[in-house]
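Report on the following structure.
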DNA sequence: TGAAATGTTGGGGCG
DNA sequence: ACGCCCCAACATTTC
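In this note's numbering, the protein residues as written are 2 to 484.
Shown next, in the form of structure tokens:
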């Protein structure tokens, strides 16, 4: 057995299967797996409460998986570079391996870490574990990054080479002598979990970790995939894959999903629900592509003229939105699902985001920040893309005048009202006809359902038609000042 | 991966 | 039989 000792630095790749850094290290000799909690190095985007809850569970799962292979996950907290150098001293490691991340602050940090470790004489390699295509691989004919989705998708679907087949998990993970005596924090010492236990519903709904991710994928694939095209838009059904948090933490690889959906490997060969799902996966790739090439967009609009957009300041309005108390059942249902599950159906994300930005004229950055704190799948690339898309200031964005009507969206995508009844139980007894617009219900209908508007459920905080006119007027000032 | 306003068409009631 | 109007259904335009 070789005596070469390698450190595998786990980050957002909390899995054993299709983990190139882990496989490379295991092929070299003995492995020291480590996770370093260094939130201060994430710039302005330190993980939010829901993300930290998930991370705690996922680390526990990873530690158990490593223990089954005769290894041990070492936990540390602090700045990455000095922590890694200390580990090198303590283990005699000659190599450090990790899988890449793409957030602006992390790209910078990792470049420094790599340079300094190499300067210290270590062998250092990083790998792609979380994307089908590297953000710099996909270029348009002018050799520039894409800013529109459809041509990006066309470039990805015909890109050669195809995404690699997933690597198998290592069968054994030889530990260096003394791995068990290496100083490590306990998982609890990282203080990732909330001090008040608000995660009960999340525990019921999610199974963080690689095994839970695999089960979620298999459950999704057990459904008729041809229905995905329309079922994915229905928040009252289980039509989506719900893999987003597992993907964010790297508990499952997009390559694994790609090759399960598309066994021949070529996206040009699939149609129907399979193709639609691959396109959703590639939206995630597009988000990383944009974040990598336009790193300022986490806080600034991609279309710079939107920096002058006349957003309002309204702390009470923002709070009503956050708490699901806007008086629009579809919006409130979404915000309460988010609060309880740390997740919201994507169709409803578009509705609530449109409401915040267009009906309330509040800045998309405030919405992005709230999602960042409350989503278990909070992902800087996807979150940034989604909010800029809704606000109209991003890549391939919805035109600003595309304003969702929360009533007609509800009637269209939650036709029996199951979704609203589940998340806004105080309206559950209203007839479906009025469920998405309780202010139009006759007084006797409201009282029969036990609803008193303004008391048991809020009256709408803005009138739709008025808010729509106000949003269009705000857009007009923008295009005037831009010329 | 909008919604609302406006325009067009065609069936049917009715004088 | 015919013109007129209404209106639903659909298409197009506008925001």
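Each residue gets a CB set at the ideal place from its N, CA and C atoms; glycine is no exception.
| Check | Outcome |
| --- | --- |
| Cα-Cα separation between residue 162 and residue 189, rounded to whole angstroms | 43 angstroms |
| Straight-line Cα distance separating residue 295 from residue 340 | 30 angstroms |
| Closest residue to residue 151 among 413, 286 and 101 (Cα-Cα distance) | 286 |
| Residue range of the beta strand (DSSP E) that includes residue 100 | 96-100 |
| Cα-Cα separation, residue 173 to residue 21 | 15 angstroms |
| Same chain, Cβ closer than 7 angstroms to residue 454, neighbours up to 5 away in sequence not counted | 439, 440, 447 and 460 |
| Counted within 10 angstroms of its Cβ, other Cβ atoms place residue 402 as buried (16 or more) or exposed | exposed |
| Limits of the alpha helix (DSSP H) - the one that residue 412 falls within | 407-414 |
| Residues sharing a beta bridge with residue 76, DSSP | 36 |
| Sequence-distant residues of its chain with Cβ nearer than 6 angstroms to residue 115 (five each side left out) | 125 |
| Cβ-based burial, residue 10 [other Cβ within 10 Å; buried from 16] | buried |
| Coil, strand or helix - residue 168 by DSSP | coil |
| Length of the line joining the Cα atoms of residue 305 and residue 362 | 18 angstroms |
| Residue from 477, 200 and 245 whose Cα sits closest to the Cα of residue 218 | 245 |
| Beta-ladder partner(s) of residue 229, from DSSP | Beta-bridge pairing links residue 229 to no other residue. |
| Status (buried if at least 16 other CB within 10 Å, exposed otherwise) for residue 364 | buried |
| Residue 135 to residue 301 span [Cα, whole Å] | 23 angstroms |
| The region 254-263 touching the region 94-104, judged by at least three CB pairs closer than 8 angstroms | no |
| Limits of the unbroken alpha helix (DSSP H) element including residue 221 | 211-223 |
| For residue 290 and residue 160, the rounded distance between their alpha carbons | 15 angstroms |
| Stretch-stretch touch, CB-based, cutoff 8 angstroms, three pairs: the region 68-75 with the region 268-278 | no |
| Cβ-Cβ distance between residue 110 and residue 81 below 8 angstroms | yes |
| Beta carbon of residue 61 nearer than 8 angstroms to that of residue 35 | no |
| Alpha helix (DSSP H) segment containing residue 404, residue limits | Run containing residue 404: none; DSSP gives neither H nor E here. |
| Range covered by the beta strand (DSSP E) that runs through residue 128 | 124-128 |
| Proximity below 8 angstroms, CB of residue 356 to CB of residue 13 | no |
| Contact under 8 angstroms by Cβ, residue 193 with residue 376 | no |
| Spatial distance of residue 233 from residue 393 (CA atoms) | 23 angstroms |
| Helix, strand or coil at residue 391 [DSSP, three-state] | helix |
| CB of residue 326 within 8 angstroms of CB of residue 333, strictly | yes |
| Beta carbon of residue 210 nearer than 8 angstroms to that of residue 23 | no |
| Residue 483 classed as buried or exposed, judged by whether at least 16 other C-beta atoms fall within 10 angstroms | Residue confidence for residue 483 is low, a pLDDT of 48 falling below 50, so the modelled location carries little weight and cannot support an answer. |
| Inter-residue spacing [alpha-carbon to alpha-carbon] between residue 127 and residue 149 | 29 angstroms |
| Buried or exposed (CB count within 10 angstroms, at least 16 for buried), residue 2 | With a pLDDT of 49 at residue 2, under the threshold of 50, the predicted position of this residue should be treated as unreliable, though the coordinate-derived value follows. Flag for residue 2 reads exposed. |
| Residue nearest to residue 318 in terms of C-alpha spacing, selected from 463, 94, 53 and 89 | 463 |
| According to DSSP, residues forming a beta bridge with residue 248 | Answer by DSSP bridge pairing: none, since residue 248 is not bridged. |
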